[in-house]
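Below: one structure, written as structure tokens.
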Amino acid sequence: MNYMRDNYANAKNDVPLLIDYGSSTIKAGYATSQAPDVVIRSYINKFKDSNTQSNQIAQWDTDVFKNYRSPFEKNLIQHSGALEQLNDFVFERLQAGRHGRVNHPMILTECFATTDLARMIVLEQMFECYQVPSVMLGVDALFSVFQDDLEAFLKQTQLIVHFGDQTVHVVPIVNGQVIYSNIKRLNLGGLNSLKYFYQTIQLRHPHLKFTYAQMDYWHKQYTSVAIDYQLQLRYFQGPQQYYGYRDKISEQNRFYDDQLQFLDSIYIDIPIVQKIVSAEDLKRKDENRQRMRVRLQESIQQSRQNRKSQLEQQLLALQQELETDQNNDELKKKITTLQVKLGLAPKEALDELKYNLLNKRYQKVMHEQALLKKQKNQEFKQLQKDANKFKLEEPEKYLQMLYEKRDRIVLQRQERKKLEQEMNSRNSRFNQKRIQTLAFLGADDKVEDDFGKDDKDWEIYRSVTKEIDSADEKSKYKLQEIEQELKDLDPDFEIKILKSIANVHQLGMNLSQVQLSVDRVRCQEIYFQPNLIGVEQQGLVDMIKLSSKGLDKLLLENIILTGGGAKTQGIIQRLQKDLISEYDCPIAIKIASDPVFGTWFGMKNFANKYQGMLSQFSISIDDYNEIGTQKWEIFKQHPFSNIVD
Amino acid sequence: MSYQFKNSQWQARKKELKSRRQSQSRKFNNIKAQVQINNSAFNYLSIEAPPSLKPAKRYCDVTGFEAKYKDPVTQLYYCDSIVFNYIRNCPKASAETYLNIRGCTQKLIS
Numbered sequence: 001m002n003y004m005r006d007n008y009a010n011a012k013n014d015v016p017l018l019i020d021y022g023s024s025t026i027k028a029g030y031a032t033s034q035a036p037d038v039v040i041r042s043y044i045n046k047f048k049d050s051n052t053q054s055n056q057i058a059q060w061d062t063d064v065f066k067n068y069r070s071p072f073e074k075n076l077i078q079h080s081g082a083l084e085q086l087n088d089f090v091f092e093r094l095q096a097g098r099h100g101r102v103n104h105p106m107i108l109t110e111c112f113a114t115t116d117l118a119r120m121i122v123l124e125q126m127f128e129c130y131q132v133p134s135v136m137l138g139v140d141a142l143f144s145v146f147q148d149d150l151e152a153f154l155k156q157t158q159l160i161v162h163f164g165d166q167t168v169h170v171v172p173i174v175n176g177q178v179i180y181s182n183i184k185r186l187n188l189g190g191l192n193s194l195k196y197f198y199q200t201i202q203l204r205h206p207h208l209k210f211t212y213a214q215m216d217y218w219h220k221q222y223t224s225v226a227i228d229y230q231l232q233l234r235y236f237q238g239p240q241q242y243y244g245y246r247d248k249i250s251e252q253n254r255f256y257d258d259q260l261q262f263l264d265s266i267y268i269d270i271p272i273v274q275k276i277v278s279a280e281d282l283k284r285k286d287e288n289r290q291r292m293r294v295r296l297q298e299s300i301q302q303s304r305q306n307r308k309s310q311l312e313q314q315l316l317a318l319q320q321e322l323e324t325d326q327n328n329d330e331l332k333k334k335i336t337t338l339q340v341k342l343g344l345a346p347k348e349a350l351d352e353l354k355y356n357l358l359n360k361r362y363q364k365v366m367h368e369q370a371l372l373k374k375q376k377n378q379e380f381k382q383l384q385k386d387a388n389k390f391k392l393e394e395p396e397k398y399l400q401m402l403y404e405k406r407d408r409i410v411l412q413r414q415e416r417k418k419l420e421q422e423m424n425s426r427n428s429r430f431n432q433k434r435i436q437t438l439a440f441l442g443a444d445d446k447v448e449d450d451f452g453k454d455d456k457d458w459e460i461y462r463s464v465t466k467e468i469d470s471a472d473e474k475s476k477y478k479l480q481e482i483e484q485e486l487k488d489l490d491p492d493f494e495i496k497i498l499k500s501i502a503n504v505h506q507l508g509m510n511l512s513q514v515q516l517s518v519d520r521v522r523c524q525e526i527y528f529q530p531n532l533i534g535v536e537q538q539g540l541v542d543m544i545k546l547s548s549k550g551l552d553k554l555l556l557e558n559i560i561l562t563g564g565g566a567k568t569q570g571i572i573q574r575l576q577k578d579l580i581s582e583y584d585c586p587i588a589i590k591i592a593s594d595p596v597f598g599t600w601f602g603m604k605n606f607a608n609k610y611q612g613m614l615s616q617f618s619i620s621i622d623d624y625n626e627i628g629t630q631k632w633e634i635f636k637q638h639p640f641s642n643i644v645d
Numbered sequence: 001m002s003y004q005f006k007n008s009q010w011q012a013r014k015k016e017l018k019s020r021r022q023s024q025s026r027k028f029n030n031i032k033a034q035v036q037i038n039n040s041a042f043n044y045l046s047i048e049a050p051p052s053l054k055p056a057k058r059y060c061d062v063t064g065f066e067a068k069y070k071d072p073v074t075q076l077y078y079c080d081s082i083v084f085n086y087i088r089n090c091p092k093a094s095a096e097t098y099l100n101i102r103g104c105t106q107k108l109i110s
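Protein chains in written order, with the UniProt record's numbering: chain Y, 1 to 645; chain S, 1 to 110.
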């Protein structure tokens, strides 16, 4: 911190302060420093403490898709409150101002064709809140390709493709003149790609929980743009699909095969996290349990004693009644039951009361029943023994039998499920049949009604009932038992069943493993096929075609990719392959020297080299006070500006 | 919290500016209205890339492969019978999220 203070103290009042407002990250710093001093995410979280409510700048690993506010909407600044908090953070870090003002000339970025409101919000805040001496507004895409020399920049012919976090711009520049009418914007970016990646994986694995940081890492590490999307998909689908397709179409184009390098699918194991409990915790839990047990025992004993004393009192009262009227049988019965309950008399005394006459007969029946039970038990044990013998002597046959059993149950369950689904929908064949039979039964125009003469007549009602027998749960438990046994006996069970042909796509398997196959290319494909995520616009190739239409063909030899999205693998090869098939002129594509921080460095180079021009290009506070933000005269035209005459 | 680099009268001024902006025009509420005020040929909506003229390719919503079929009940695209079984058995909410990802915002009727 001390080092920073010393560093910033050197920054004098006339050193320009550069801020690049990106929709994912804000980069800010003095023109004299080597690299941007402050790089933060442009998201804000409402941080709720127990006492105070305050706002928090988002960390790098926080989940942006949940409850985070951003000043940007589709790359436009729309929310002034969030922007003010971010600006406060930046100026405090930079220690930029004192006495109610930030006394540095500013250079800020905006996107192409910003609306009046967005510009108004920024200018009002800068001039009224921070009382900045002057502000220069420039376009980020233009700054990002600016090297050193302004004169060289004003002679260049190039096509900029700027990949933002929420938008993609295609900008043609002919002889240093930006062709404003041919600029095109695509309303998606890196954030949409990441969100698509996140959602599709989370939907396939609902039992696993992924963090934002994890997803961000996978997205950066494993995804890339497919050079030939259709072929890549067929490659993922399996060798049969792929070679079948290739044979038909391009067997002769062998050289094309060598250029394509297909991605393979990646398997990532996700460890199941177990809570580690320390020995002390276990001890404490055990002690607690014992204490609870003692307390329970005490309470049970007390309740028992209470009950006993109540019963004894009842007995005394009954015995006193018996003395007065000795021939009462009911009283005698009551007294014996109470005595049995208290343990004063044996239990057989009760049986004598119940079965005075039927006693002998009853004993006979009981004896027969007991014999039957024994016999059944013996038979069951014999069966078990036989099964065990069978298991030991012929294990393969036993396994086969188990598999057959399992298949039978699975089939039954599938059929039952089908039936259930048919019942739910109104127009199904089952329901139509049911209504037909009901109408037939309810019809009045029969001459002779002989329904019910035969017992089989009643079976027709079975086909009408909507209830399914409750065997579903039973079969479920049975299936679980059999599968458990199979798992124990057969080590290849999971491969046989779970990874069989019936489960090529690994759907609904609840494994602790994530397969990244199509996901590796699908999320980056949205630049070329925006309809994948429901954006009804042209792809990147068509956009480049449209914006270079009727212009110099030299544009296509100088295509420059900037912005964070330009770092994705394979994007140059893909663009080259698609553009070569469209044009017959040479095509050259390159990535800017620093795609992410290029804008800030362009601003820095400009501010350092052309300090004299800064006052000419920027809006001063006097202008603002005189004219206000409503009129066009306030905005200055310069090589990086948004303004068209 | 007060910072030393901020104008002390900013809080009052902010309210004033906000109320003025609201009273001036309610049109600022969406981007389309903001552009109408701007009223030049080069504006935020005019540089948007137009919709594509090529027919959109259909991809399986679950697996991502090329899809030949469409399920009439859930409106999802699918590539083979395995995925079809999965779609029919999965809960209605997840089918709707699959649709939302593709940009279809329609509610499924049981």
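All C-beta atoms in this analysis are idealised placements derived from N, C-alpha and C, irrespective of residue type, glycine included.
Since this is a predicted model, take the numbers as computed values, not measurements.
Take Glu633/Y, set aside five residues on each side of it, and the residues of its chain with a beta-carbon closer than 8 Å to its own are Ile627, in chain order. DSSP links Ser224/Y through a beta bridge to Gln569/Y.
Nearest to Gly64/S by C-alpha distance, out of Lys92/S, Leu53/S, Leu76/S and Pro55/S, is Leu76/S. The Cβ neighbour count for Arg185/Y, taken over all protein chains shown within 10 Å, is at least 16; the residue is labelled buried. Just so you know, the alpha carbons of Asp88/Y and Asp20/Y end up roughly 15 Å apart. In this structure, DSSP gives Phe163/Y an extended state, which the three-state scheme calls strand. Only those residues of the segment 540 to 554 of chain Y whose C-beta falls short of 7 Å from the nearest C-beta of chain S are listed: Asp542 and Met543. In terms of beta-carbon proximity, Thr109/Y stays away from the interface with chain S, with every pair separated by 9 Å or more. Contact residues of the segment 39 to 59 of chain S toward chain Y are Ser40, Ala41, Phe42, Asn43, Tyr44, Leu45, Ser46, Ile47, Glu48, Ala49, Pro50, Pro51, Ser52, Leu53, Lys54, Ala56, Lys57 and Tyr59 (C-beta to C-beta distance below 9 Å). Within its own chain, the residues whose Cβ lies closer than 8 Å to the Cβ of Met215/Y, once the five positions on either side in sequence are excluded, are Leu194, Phe197, Tyr198 and Ile201, listed in chain order. Lys68/S has a beta carbon lying at 9 Å or more from every beta carbon in chain Y. Out of Gln156/Y, Glu92/Y and Ile77/Y, the CA that lies nearest to the CA of Val122/Y is found in Ile77/Y. The Cβ atoms of Cys585/Y and Lys553/Y lie closer than 9 Å to each other. Judged by their CB atoms, Ala58/Y and Pro71/Y are not nearer to each other than the 9 Å cut-off. Under the three-state reduction of DSSP, Leu556/Y is assigned to helix.
If you ignore the 5 residues before and after Met120/Y, its C-beta comes within less than 7 Å of the C-beta of Thr629, all in its own chain and listed in chain order. The DSSP-derived three-state label of Arg41/Y is strand. When DSSP states are grouped into helix, strand and coil, Thr63/S belongs to the coil group.
Assigned with DSSP and collapsed to three states, Gly612/Y falls in helix. Any Cβ of chain S closer than 9 Å to the Cβ of His219/Y would place that residue at the interface, and such an atom is absent. If you look at Ile627/Y, you'll find it in the alpha helix (DSSP H) that goes Ile621 to Ile627. Under the 9 Å criterion on CB atoms, Leu76/S is classed as non-interfacial with respect to chain Y. With fewer than 16 other CB atoms across the displayed protein chains lying within 10 angstroms of its CB, Ala35/Y is exposed.
By the CB criterion at 9 Å, Phe163/Y and Tyr403/Y fall outside the cutoff. Sixteen is the threshold: since fewer than 16 other Cβ atoms of the shown chains lie within 10 Å of the Cβ of Tyr610/Y, the residue is exposed.
When beta bridges are read from the DSSP output, Ile591/Y appears opposite Leu561/Y. In terms of Cβ geometry, Met106/Y and Ser134/Y form a close pair [threshold 9 Å]. Chain-ordered listing is empty here: chain S has no CB closer than 9 Å to the CB of Ser475/Y, the nearest sitting near 17 Å. Under DSSP, Phe5/S shares a beta bridge with no residue. Under the DSSP assignment, Ser309/Y falls in the alpha helix (DSSP H) whose first and last residues are Ala279 to Thr324. About 4 Å separates the CB atoms of Gln569/Y and Ser224/Y; that is less than 8 Å, so the two are in contact. Cys111/Y is classed as buried because its beta carbon has at least 16 other beta carbons within 10 Å across all chains shown. Comparing alpha-carbon positions, the option among Gln506/Y, Asp622/Y and Ala592/Y lying closest to Leu203/Y turns out to be Gln506/Y. Against chain S, a Cβ distance below 8 Å from Val518/Y picks out Thr63, Gly64 and Phe65. In the structure shown, the three-state DSSP call for His219/Y is helix.
Proximity of Cys585/Y to chain S, defined by a Cβ-Cβ separation below 9 Å, is not satisfied.
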